[in-house]
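Quick note: the sequence shown uses UniProt numbering, first residue 1, plus one each step. Think of the CB as a built atom: it goes at the ideal place given N, C-alpha and C, for glycine as much as any other residue.
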Amino acid sequence: MPEGLLMFACTIADIIERFTAAEAVVMGDVTYGACCVDDYTAKALGADFLVHYGHSCLIPIDATQGVKMLYVFVDIKIDTSHFLETLRFNFPAGASLALVSTVQFVSALQAASQELRSQYKVCVPQCKPLSPGEILGCTSPRLAQDTDAIVYLGDGRFHLESVMIANPGIPAYRYDPYSKVFSQEHYAHERMHRARQEAIRTAAGARTWGLILGTLGRQGSPGILQHLESRLRALGRPYVRVLLSEIFPSKLQLFPDVDAWVQVACPRLSIDWGEAFSKPLLTPYEAAVALQDIEWQRTYPMDFYASQSLGPWTVNHASRQPQRPGRPAQVGSASRRGGGSPGPDPASGEARSEAAGARFAPSLLAAGGVEGCGRRGPLGAARTLGARCCVPKAPPCGFCPGPAPTGTRTSRGSGGQHP
Numbered sequence: 001m002p003e004g005l006l007m008f009a010c011t012i013a014d015i016i017e018r019f020t021a022a023e024a025v026v027m028g029d030v031t032y033g034a035c036c037v038d039d040y041t042a043k044a045l046g047a048d049f050l051v052h053y054g055h056s057c058l059i060p061i062d063a064t065q066g067v068k069m070l071y072v073f074v075d076i077k078i079d080t081s082h083f084l085e086t087l088r089f090n091f092p093a094g095a096s097l098a099l100v101s102t103v104q105f106v107s108a109l110q111a112a113s114q115e116l117r118s119q120y121k122v123c124v125p126q127c128k129p130l131s132p133g134e135i136l137g138c139t140s141p142r143l144a145q146d147t148d149a150i151v152y153l154g155d156g157r158f159h160l161e162s163v164m165i166a167n168p169g170i171p172a173y174r175y176d177p178y179s180k181v182f183s184q185e186h187y188a189h190e191r192m193h194r195a196r197q198e199a200i201r202t203a204a205g206a207r208t209w210g211l212i213l214g215t216l217g218r219q220g221s222p223g224i225l226q227h228l229e230s231r232l233r234a235l236g237r238p239y240v241r242v243l244l245s246e247i248f249p250s251k252l253q254l255f256p257d258v259d260a261w262v263q264v265a266c267p268r269l270s271i272d273w274g275e276a277f278s279k280p281l282l283t284p285y286e287a288a289v290a291l292q293d294i295e296w297q298r299t300y301p302m303d304f305y306a307s308q309s310l311g312p313w314t315v316n317h318a319s320r321q322p323q324r325p326g327r328p329a330q331v332g333s334a335s336r337r338g339g340g341s342p343g344p345d346p347a348s349g350e351a352r353s354e355a356a357g358a359r360f361a362p363s364l365l366a367a368g369g370v371e372g373c374g375r376r377g378p379l380g381a382a383r384t385l386g387a388r389c390c391v392p393k394a395p396p397c398g399f400c401p402g403p404a405p406t407g408t409r410t411s412r413g414s415g416g417q418h419p
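See the structure below:
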């Protein structure tokens, strides 16, 4: 779980051990985001089940290694009325606004967007597999050029900078839900582009390359590493593989024979901190430019986890997705079954309830300024959704099968039925 939620870790562990026969282990390593799901360590510990709190389901639950996986979203309730009043005060009616946020505020963002549609042209963009309106520090959507402003709901700048990099021509604003401060934000696009192009030019002439696979949770992608290795072999470039949980200049200085580095971990390490390293530290995209697989893009791509990405140096590129078998057709009539009583119609609510019934699990996060599906129970209000990972009252993300029918099953922790 993120460090901001570790204060609840002991309470959650006590609840699990008191009401189940399970032994709870708190994995206290740093968790920067959804890319830090540490199923490998959980498997090494002999865990049967891994619960990841606070982030969206970036790593599909059917992609973990030998450990069943559950994501628990944290939905933070904010003063939406003040947010709406602020936007109405600062933007004229009819303006085209793109609303984005991080996953803990996406529910509030969806509610605000509905209120604003009568006065503004509101867009809540989606970059699948993320939820509508959700952005990551490495993954953000490209917006229509006629968008008047980007409005980011959240604290800090890390995620906001991602959508600013992807849309350099659109003014960006940030509303901090804690301080209730609304500010226009700026980014030094030209400086960043110059720095990254200089690193690429230097790396293009490198003889020995170093390929870093991030081992902090799932930051590193073995598929991208294999792609880079195949390209370097084809070009006759010698390389060395290095596994690191975190990347520091002092650590890479211990490899004097390496002339250029490519890190398959977090692209923002190179974008934000690349100049702190004595040797070029490229992202996989920048490595593709240096190896002449693609030309430099005038708009820097922020598509590291996007389903619709620029090339095979991204995590979810189509060339890397497994072919999933189709869902078998359901037979719902007695004549098709060869006699007997007819089963539920696949299109009916009854059939959908049966299919969705096993997707809800108890909520275990203690209530403390956190709001889930709007109904509080004795243990808290965060919504726990097993294979269903969508934020309450928000459209489904790219990994979800779709909204569940009303009243399919009651979550013991929510104190009511999930919509």
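So, helix, strand or coil for residue i, using DSSP?
i, result
"His317", "coil"
"Ala47", "coil"
"His55", "coil"
"Leu143", "coil"
"Met69", "strand"
"Gln184", "strand"
"Arg376", "In this prediction, Arg376 scores a pLDDT of 32, lower than 50, which makes its location untrustworthy; the coordinate-derived value is nonetheless stated afterwards. Residue state, collapsed to three classes: coil."
"Ser348", "Unreliable positioning characterises Ser348 in this predicted model, as indicated by a pLDDT of 37, which lies under 50. A coordinate reading is not provided."
"Asp303", "strand"
"Gly4", "helix"
"Trp296", "coil"
"Ile271", "helix"
"Ala63", "coil"
"Ala394", "Caution is warranted here: a pLDDT of 46 is assigned to Ala394, below 50, making its placement in the model unreliable, and no coordinate value can be reported."
"Ala276", "helix"
Please list the terminal residues of the continuous alpha helix (DSSP H) segment that includes residue i.
i, result
"Tyr285", "Pro284 to Ala290"
"Ala166", "Phe158 to Ala166"
"Leu213", "Element bounds for Leu213: not the alpha helix (DSSP H) but the beta strand (DSSP E), Trp209 to Gly214."
"Ala149", "Counting along the chain, Ala149 falls outside any alpha helix (DSSP H), though it belongs to the beta strand (DSSP E) covering Ala149 to Leu153."
"Asp176", "Note, Asp176: premise wrong, no alpha helix (DSSP H); beta strand (DSSP E) at Ala172 to Asp176."
"Gln110", "Val106 to Leu116"
"Cys35", "From DSSP, Cys35 is part of no alpha helix (DSSP H); its letter is neither H nor E."
"Leu87", "Thr80 to Asn90"
"Thr11", "Ala9 to Phe19"
"Met192", "His189 to Ala204"
Can you give me the C-alpha to C-alpha distance between residue i and residue j, rounded to a whole angstrom?
i, j, result
"residue 463", "Pro92", "Here the chain comprises residues numbered 1 to 419, so residue 463 is not present and cannot be evaluated."
"Val51", "Ala42", "10 Å"
"Arg191", "Ile165", "12 Å"
"Arg18", "Val106", "32 Å"
"Glu198", "Leu211", "19 Å"
"Glu132", "Ile271", "In the sequence under discussion, the amino acid at residue 132 is Pro, which differs from the Glu named in the question. Rounded to whole angstroms, Pro132 to Ile271 spans 25 Å at the Cα level."
"Ile294", "His82", "46 Å"
"Val103", "Val25", "25 Å"
"residue 453", "Leu252", "Outside the displayed span of the chain (1 to 419) sits residue 453, for which this structure offers no information."
"Gln65", "Ala21", "23 Å"
"Ala13", "Met7", "11 Å"
"Asp146", "Arg194", "27 Å"
"Leu364", "Ile16", "Note that Leu364 scores 33 on pLDDT, short of 50, meaning its location in the model is unreliable and no value can be drawn from it."
"Arg298", "Ala63", "34 Å"
"Met1", "Gly236", "42 Å"
"Leu70", "His55", "11 Å"
"Ser353", "Val72", "Annotation note: pLDDT 33 at Ser353 (below 50); position unreliable, coordinate value reported separately. Cα to Cα, Ser353 sits roughly 22 Å from Val72."
"Arg174", "Leu153", "6 Å"
"Glu229", "Trp313", "11 Å"
"Arg88", "Ser96", "12 Å"
"Arg201", "Trp209", "14 Å"
"Gly220", "Leu244", "9 Å"
"Leu99", "Ile224", "31 Å"
"Ser307", "Cys57", "14 Å"
"Asp303", "Ser309", "6 Å"
"Gln126", "Leu143", "10 Å"
Going by DSSP, what residues sit across from residue i in a beta bridge?
i, result
"Tyr40", "None; Tyr40 has no bridge partner."
"residue 468", "Nothing about residue 468 can be read from this structure; the chain reaches only from 1 to 419."
"Glu134", "Ser101"
"Val264", "Leu213"
"Val122", "Leu97"
"Leu243", "Leu213"
"Leu281", "Trp261"
Which residue comes first and which comes last in the beta strand (DSSP E) that contains residue i?
i, result
"Asp75", "Segment: none, Asp75 is in no beta strand (DSSP E) and carries neither H nor E."
Give a yes or no on whether the minimum CB-CB distance between residue i and chain B is below 8 Å.
i, result
"Gly33", "In the structure shown, chain B does not exist; there is a single protein chain."
Which ranges would you report for the beta strand (DSSP E) in the region 215-241 if only whole runs of at least 3 residues count?
Taking only runs of at least 3 residues, no beta strand (DSSP E) segment lies wholly in the region 215-241.
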